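Below you'll find the structure, written out as structure tokens, and then a few comments.
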Amino acid sequence: MIKPPKDLPLADIIPDEPLLLMGAGPVPIPNVVSQANGVVINHLGDTMNQVIDRVKLMAAYTFQTKSEKILGISGPASAAMEMAITNLIWPGRKILVLKMGTFSGRFAEMAAAVGGDVTILENKEFLPFTKEEVEIELNKKDYDVITITQGETSCGLKNIHLKEIAALAHSKNVLSIVDAVCTLSTMELAMDDWKLDVVVTGGQKGLSSIPGVSLIAFSEQAWEVIQRREVPCPHWCLDAKRAHGFWQDKKYHYTAPVPGILALHEALRLICQESLEERFERHLSSSKALQKGVESMGLELFIPEEYRLNSVLAIKLPVGIDSHKLIDHMVKAYYVEISGAFGLDIIRIGQMGQQCRPQNIIRALYALGMSFKLFGKNLDLAAGMAALEQ
Ligand SMILES: *Cc1c(COP(=O)(O)O)cnc(C)c1O
Numbered sequence: 108m109i110k111p112p113k114d115l116p117l118a119d120i121i122p123d124e125p126l127l128l129m130g131a132g133p134v135p136i137p138n139v140v141s142q143a144n145g146v147v148i149n150h151l152g153d154t155m156n157q158v159i160d161r162v163k164l165m166a167a168y169t170f171q172t173k174s175e176k177i178l179g180i181s182g183p184a185s186a187a188m189e190m191a192i193t194n195l196i197w198p199g200r201k202i203l204v205l206k207m208g209t210f211s212g213r214f215a216e217m218a219a220a221v222g223g224d225v226t227i228l229e230n231k232e233f234l235p236f237t238k239e240e241v242e243i244e245l246n247k248k249d250y251d252v253i254t255i256t257q258g259e260t261s262c263g264l265k266n267i268h269l270k271e272i273a274a275l276a277h278s279k280n281v282l283s284i285v286d287a288v289c290t291l292s293t294m295e296l297a298m299d300d301w302k303l304d305v306v307v308t309g310g311q312k313g314l315s316s317i318p319g320v321s322l323i324a325f326s327e328q329a330w331e332v333i334q335r336r337e338v339p340c341p342h343w344c345l346d347a348k349r350a351h352g353f354w355q356d357k358k359y360h361y362t363a364p365v366p367g368i369l370a371l372h373e374a375l376r377l378i379c380q381e382s383l384e385e386r387f388e389r390h391l392s393s394s395k396a397l398q399k400g401v402e403s404m405g406l407e408l409f410i411p412e413e414y415r416l417n418s419v420l421a422i423k424l425p426v427g428i429d430s431h432k433l434i435d436h437m438v439k440a441y442y443v444e445i446s447g448a449f450g451l452d453i454i455r456i457g458q459m460g461q462q463c464r465p466q467n468i469i470r471a472l473y474a475l476g477m478s479f480k481l482f483g484k485n486l487d488l489a490a491g492m493a494a495l496e497q
């Protein structure tokens, strides 16, 4: 028989004081969310039915939609993206993917995998797409679907023309799938007013819930396409109609991620309590303060202010600094963790949900400045902290 490994307590590897997660997700979660995440109840039955109804109600507010077609997904935000793609794309369906980086490009891989006819419009210059650029492409083919990412987390870029592009797509009868994973509840998004057909988000970013339980909302128009499709959905778990059986009719699909849904319930409740307007304002002012702090310290930001995302801030890495060593030092000396990047010379500080609290921003900026100094980059930390304070 194979012997069990020696006793491996988690405490051996988890820091005694929790790290302050200031990277591009997951983000710190409020206590009520964490407590809810420790509770398991029956995934079917009265209590769960009430939880589901409330999650849908609060999610509808967060998405700003009257749609009843809101589903939770047991899986990362990528699974929500995959549900959108898998249910609206099948062999021969034409899809236009607006790619600005790692995450927005993922839609193309998913669509190709289910036989979609994929066209990628790529912007390698870290600029948002304009309505004109998209219009030229949409006029070339009879597209069925377009994917638009509101905030490209990998480089900190905001698609500032999302609303216009979605309206254009709507006018041409092209269904829009919008990735609002790092932006939902941190900045304006109005699903119904902007005529968005599918909006996806994850738990661990703006919502400040746990990773692994995600949300998706479909417009009536998108849902009709799903109802009418004749090609069977190749993903059993991600089949929107099957999932709707649980999320609408409370029928068994698969065992729901109960603690994660309870956690999401609490996270959404906090959003409703705070109100979206207040939350957007908190994110904007926190991010502006951090941006000023970083710049006043002597560092450069990667994306021009006009298109800069206020939920994830990308900072240029000065020549000669090793981002791994820098981040590692911030963790060891200050218990603050930020993110590197996928192949770009930047580091990223998250500004989502709980990250946007003064005590967290102050600590992150201080840890950043002190760590840069240690590695020989001469910064004016005092000026940075003063700018942040202002
Ligand atoms: C984080 C992120 C994703 C992927 O989320 P996972 O939960 O890791 O699958 C997708 N899109 C955007 C914009 C993101 O920020």
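All residue numbers for the sequence shown refer to the numbering used here, where the first residue is 108 and numbers rise by one.
Ideal Cβ placement from N, Cα and C applies to all residues, glycine included.
Fair warning: this is a prediction, and the values are worked out from it, not measured in the lab.
Residue i: CB within 7 Å of a non-hydrogen atom of ligand 1
i	result
Gln-461	no
Lys-265	no
Gly-309	yes
Cys-344	no
Thr-256	yes
Ser-185	yes
Asp-286	yes
Cys-289	yes
Pro-135	no
Lys-423	no
Pro-364	no
Asn-235	Note that residue 235 corresponds to Pro in the displayed sequence, not to Asn. It does not: the Cβ of Pro-235 is nowhere closer than 7 Å to a heavy atom of ligand 1.
Lys-312	yes
Pro-122	no
Pro-112	no
Phe-210	yes
Gly-367	no
Gly-130	no
Pro-411	no
Pro-318	yes
Chain-order list of residues whose beta-carbon lies under 6 Å from that of residue i (same chain, five-residue window excluded)
i	result
Ile-267	Pro-235, Tyr-414
Thr-172	Met-298, Asp-299, Ala-324
Ser-315	Val-134, Ile-136, Ala-374, Gly-460, Gln-461
Lys-176	Phe-325, Trp-330
Ala-363	His-150
Closest residue to residue i among the options (Cα-Cα distance)
i	options	result
Glu-337	Leu-424, Asp-299, Leu-195, Lys-173	Leu-195
Lys-248	Lys-201, Ile-255, Glu-271, Thr-237	Lys-201
Gly-476	Ala-493, Arg-464, Asn-280, Tyr-361	Ala-493
Lys-312	Met-459, Tyr-473, Glu-244, Asn-485	Met-459
Leu-499	Gly-457, Val-438, Ser-283, Glu-216	The displayed coordinates of the chain run from 108 to 497. Any statement about residue 499 would go beyond what the structure contains.
Ile-243	Leu-117, Thr-209, Leu-203, Phe-482	Leu-203
Glu-402	Asp-346, Leu-375, Pro-339, Leu-472	Leu-472
Gln-257	Met-207, Ala-215, Asp-251, Val-281	Met-207
Thr-193	Asp-119, Glu-407, Pro-339	Pro-339
Gly-263	Leu-495, Arg-455, Asn-467, Asp-487	Arg-455
Ile-121	Lys-439, Pro-425, Ala-276	Lys-439
Pro-341	Leu-127, Pro-116, Met-217, Gly-132	Met-217
Lys-270	Thr-260, Glu-259, Asp-251, Lys-302	Lys-302
Ile-468	Ser-211, Ser-418, Asp-452	Ser-418
Leu-486	Val-221, Gly-352, Met-404	Met-404
Asn-156	Leu-127, Ala-350, Lys-110, Lys-358	Lys-358
Leu-369	Leu-296, Glu-229, Val-162	Val-162
Glu-229	Met-437, Gly-212, Glu-189	Gly-212
DSSP state of residue i mapped onto helix, strand, coil
i	result
Asp-114	coil
Ser-141	helix
Leu-424	coil
Asp-286	strand
Ile-454	strand
Thr-193	helix
Val-443	strand
Val-146	coil
Val-305	strand
Met-294	strand
Ile-202	strand
Leu-314	coil
Leu-127	strand
Leu-406	coil
Val-438	helix
Val-419	strand
Val-134	coil
Pro-465	helix
Cβ neighbours of residue i in the same chain (closer than 7 Å, five flanking residues each side left out)
i	result
Ile-272	Phe-236, Lys-238, Val-241, Ile-255
Pro-183	Gly-309, Pro-318, Gly-319, Ser-321
Ala-215	Val-204, Lys-206, Val-225, Ile-227
Contact test: residue i Cβ vs ligand 3 heavy atom, cutoff 7 Å
i	result
Cys-262	Looking for ligand 3 in the displayed structure turns up nothing; the ligands present are ligand 1.
Cutoff 8 Å; reference residue i; Cβ partners in own chain excluding five residues on either side
i	result
Glu-331	none
Met-165	His-372, Leu-375, Arg-376, Ile-378, Cys-379
Closer than 8 Å to chain D by CB, residue i
i	result
Ile-267	Going by chain labels, chain D is absent from the structure shown, which holds only one protein chain.
**OP:** At 4 residues or longer, and completely inside the region 317-347: list those alpha helix (DSSP H) runs for me, N to C.
**Re:** 327-335
Subject >> Whole runs of the beta strand (DSSP E) within the region 204-268, excluding any shorter than 3 residues >> reply: 224-229, 252-256
Original post:
What are the start and end residues of each continuous beta strand (DSSP E) run of 3 or more residues lying completely inside the region 348-373, in chain order?
Top reply: none
Original post:
What beta strand (DSSP E) runs, 3 residues minimum, are completely inside the region 149-186?
Top reply: 177-181
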